[in-house]
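Asker: This is the structure I have questions about; it appears just below.
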Amino acid sequence: MTQSTATPIAPRRSFPVWIWIGTIAVSFIAGRFLLQGHGGGSHSLQLGPKDSAEIPDDAVVVTSAPIMQRDVQRSVQAVGTFFGFEELALSSKLEGRVSKIHFDLGAVVKPGDVLLEIDSTDFRLALEQAERSLQTELAKWGFKSVPSPDVDVSSLPSVVSAKLRFELAQSRLGRMLPLQASNAISVEDLEQARSDAKVMESEWKNQVLLANAAAATARLRAADLEIAQQRLSDCEIRVPVPTLHDNPNELFYTISERMVTEGTLLRPGTEVFRLVLGKSLKLRLAVPESNAAKIAIGQTVVVQIASTTNPEHGIVSNLSPSIERNNRTFQVEVTVPNDSGLCKPGGFAKAQILVGETETAKTVPPSSLYSLAGIQKIFLIEGNIAKEVRVTLGEQSSDWIEIASPDLPVNARVATSGQRLLSDGIAVVERESLSRSEQANAPKSSSEENRE
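Per the numbering used here, numbering of the sequence shown is gapless, rising by one per residue and ending at 455.
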């Protein structure tokens, strides 16, 4: 009986695990080599004229820059909106159709210029009617001109005629009275003479009243004529003449908006134009109340708008005496010359109010600042050790950032790269020092040896 022995089948082998481990280890070592800037071993580096230290293998290579002391212009940052130096809306006083428009959007106009004309046919006819009515009233009573309120109407023909008839009746009565004693006149004739005298007196007084009423009517017709003249004048909408300026003729307006076109039917109160006085604008800024003591009238303001990289400059002209309760800010008004026309009413602007200058500000390059979770910090390089320092920032520019606190020593060096790999107390090596050390240890070329 034969016994069969089964040959064991070799298990299928996967890729050796030690190869994966070796690959990861080699990658890690290569990364550390590239990061530290040297291929193993330690170098004795010359970090400064007084410091000489052995740099550990795990030292982080960084670049650095000194802390500088400079004059810093203090400023208060704010944002705001442009407004016209003096904005006004012109409206129609009449109902009528626009017949002609003389200026369009953006035009520069002077006080008194005609902007728009309304069809004046009806108003011209109304003016002629008022003139005829006044002339008729004056001719009816014999007035040569519009009578004043204290005019003497005794010289008017109707009044003179009534007065003469009264005097005649009075004279007749006077002649009859002596005849009464001798019974030379009847009682009826005497009473008739007395009655005629009283009637004539009343007629005379009535004519005086009618003449005064006619004078008042004439003045009313003159007022109607002035109204008709004014309505005809209102058919031309003109640029208003300012009264608060010493030389209004030197001022000018810019049309910022036109709301109507030729043929538009206007109603009383319809807005037709919006004007902005001059080329200067007002920039109204909302400034936190904590800066109230720093800002004063006359300070220079640097204004930046989105349409250009060149800043405009203005002057603080007004300060609000009250604080806004909702956001605890107060309003600062800045006068900004706008000769270029780039600033527009209603536009947004960023502003820096220059409030003073400090000569002892400590500044660092922007690249030295490291921010993590809202915490601002820098790393001081002390020998070959990095020291973490949390800082409060002050003024900033594109080339430097002020360190408001803490007070740092001038010319101390701060790391400007590799901050993500740094922590307090970690060993570092400055890249510039490393390159000097490597150049010192590098073999000399034949030309250099010959030169020596």
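Idealized CB from N, CA, C, for every residue including glycine.
Can you confirm whether the stretch 318-334 touches the stretch 374-393 when touching is taken to mean that 3 or more C-beta pairs between the two stretches lie within less than 8 Å?
Answerer: Flag = no, the stretch 374-393 and the stretch 318-334 do not touch.
Asker: In terms of residues, what are the limits of the alpha helix (DSSP H) holding Ala226?
Answerer: Note, Ala226: alpha helix (DSSP H), 190-236.
Asker: Less than 7 Å between the beta carbons of Val244 and Pro114, yes or no?
Answerer: Yes, these two residues count as a Cβ contact at 7 Å.
Asker: Roughly how many angstroms lie between the CA atoms of Leu425 and Leu396, to the nearest whole one?
Answerer: Whole-angstrom Cα-Cα distance: 21 Å.
Asker: Name, in chain order, the residues that DSSP records as bridge partners for Thr84.
Answerer: Answer is Arg287, Phe351, bridged to Thr84.
Asker: Return the first residue and the last residue of the alpha helix (DSSP H) that Val163 is part of.
Answerer: Segment 160-179, the alpha helix (DSSP H) holding Val163.
Asker: If contacts are defined as beta-carbon pairs under 8 Å, then Ala133 and Leu235 qualify, I think. What distance do you get, rounded to the angstrom?
Answerer: So it is not a contact: roughly 10 Å between Cβ atoms.
Asker: Is it the case that the stretch 167-186 contacts the stretch 202-210, given that we only count it when at least three CB pairs across the two stretches are under 8 Å?
Answerer: As far as the Cβ criterion goes, the stretch 202-210 touches the stretch 167-186, which means the pair count is three or higher.
Asker: Beta-carbon of Val319 versus every beta-carbon of chain B: anything under 7 Å?
Answerer: Among the chains of the structure shown, chain B does not appear; only one protein chain is present.
Asker: Using the Cα positions of Pro314 and Lys353, report the straight-line distance between them to the nearest angstrom.
Answerer: Computed Cα separation, rounded: 10 Å.
Asker: Please name the residue, chosen from Asp61, Ile104, Glu140, that lies closest to Arg241 on a Cα-to-Cα basis.
Answerer: With distances taken between Cα atoms, Arg241 lies closest to Ile104.
Asker: Using DSSP bridges, identify the partner residues of Ala68.
Answerer: DSSP, once it has assigned bridges, lists Val417 as partnering Ala68.
Asker: On a Cα-Cα basis, can you pick out the residue from Met71, Ile27, Val65, Ala62 that is closest to Ala407?
Answerer: That would be Met71, whose Cα lies nearest to the Cα of Ala407.
Asker: Do Phe3 and Lys285 have their C-beta atoms within less than 7 Å of each other?
Answerer: Because the chain here runs from 4 to 455, residue 3 falls outside it and cannot be looked at.
Asker: Of the residues Glu120, Val304, Gln233, which one's Cα is nearest the Cα of Gly83?
Answerer: When each option's Cα is compared against that of Gly83, the closest is Val304.
Asker: Taking all protein chains shown into account, do 16 or more other C-beta atoms lie within 10 angstroms of the C-beta of Leu212, making it buried, or fewer, making it exposed?
Answerer: With fewer than 16 Cβ atoms within 10 Å of its Cβ, Leu212 is classed as exposed.
Asker: Can you tell which of Asp122, Gln233, Val117, Val64 has the C-alpha that lies nearest to the C-alpha of Leu269?
Answerer: With distances taken between Cα atoms, Leu269 lies closest to Asp122.
Asker: Tell me the DSSP bridge mates of Gly99?
Answerer: Leu269.
Asker: For Trp144 and Glu131, what's the separation of their Cα atoms in angstroms?
Answerer: Going by the C-alpha atoms only, they are around 21 Å apart.
Asker: So, is Phe351 buried or exposed, given that buried needs 16 or more other C-beta atoms within 10 angstroms?
Answerer: Classification of Phe351: exposed, given that the 10 Å Cβ count is below 16.
Asker: Taking only three categories from DSSP, how would you classify Ser343?
Answerer: Coil.
Asker: Thinking C-beta only, is Ser102 closer than 7 Å to Glu90?
Answerer: Taking 7 Å as the Cβ cut-off, Glu90 and Ser102 do not qualify as a contacting pair.
Asker: What three-state label does DSSP hand Glu140 in the structure shown?
Answerer: Helix, per DSSP.
Asker: For Leu345, tell me which candidate among Ile308, Leu159, Ser371 has the shortest Cα-Cα distance.
Answerer: Selected option, being the one with the closest Cα: Ile308.
Asker: In angstroms with no decimal places, state the Cα-to-Cα distance between Ala165 and Leu182.
Answerer: Their Cα atoms are separated by approximately 27 Å.
Asker: Mind reading off the beta-carbon distance from Gly109 to Ile258? Whole number of angstroms is fine, and I expect it under 8 Å.
Answerer: Contact flag correct, Cβ pair sits at about 6 Å.
Asker: Buried or exposed, going by whether 16 or more other CB atoms sit within 10 Å of the CB of Glu405?
Answerer: By the 10 Å Cβ count, Glu405 comes out buried.
Asker: Within 10 angstroms of the Cβ of Gly377, are there 16 or more other Cβ atoms? Answer buried if so, exposed if not.
Answerer: Exposed, because fewer than 16 other Cβ atoms sit within 10 Å of the Cβ of Gly377.
Asker: Quick one: what does DSSP say Phe126 is sitting in, helix, strand or coil?
Answerer: Here Phe126 sits in helix by DSSP.
Asker: Give the DSSP-derived three-state secondary structure of Asn3 in the structure shown.
Answerer: Because the chain here runs from 4 to 455, residue 3 falls outside it and cannot be looked at.
Asker: I'd like the span of the beta strand (DSSP E) that includes Gly317, first residue to last.
Answerer: That run of the beta strand (DSSP E) goes 315-322.
Asker: For Pro150, count neighbouring C-beta atoms within 10 Å of its own C-beta (all shown protein chains included) and say buried if the count is 16 or more, exposed if not.
Answerer: With 16 or more Cβ atoms within 10 Å of its Cβ, Pro150 is classed as buried.
Asker: Taking the alpha carbon of Glu391 as the reference point, which residue from Asp192, Ala415, Gln334, Gly428 has its own alpha carbon closest?
Answerer: Comparing Cα-Cα distances from Glu391 to each of Asp192, Ala415, Gln334, Gly428, the minimum goes to Gly428.
Asker: Please classify Ser310: is it buried, with 16 or more other beta-carbons within 10 angstroms of its beta-carbon, or exposed?
Answerer: Exposed, because fewer than 16 other Cβ atoms sit within 10 Å of the Cβ of Ser310.
Asker: Once you ignore the five residues that flank Val79 on each side, which residues in its own chain have a CB closer than 8 Å to its CB?
Answerer: So the list reads Val290, Asn294, Lys297, Ile298, Gln355, Ile356, Val358, once near-sequence residues are dropped.
Asker: Please go through the same chain and pick out, in chain order, the residues whose beta-carbon is closer than 7 Å to the beta-carbon of Arg261, but skip the five residues on each side of it.
Answerer: Around Arg261: Asp107, Leu108, Phe276.
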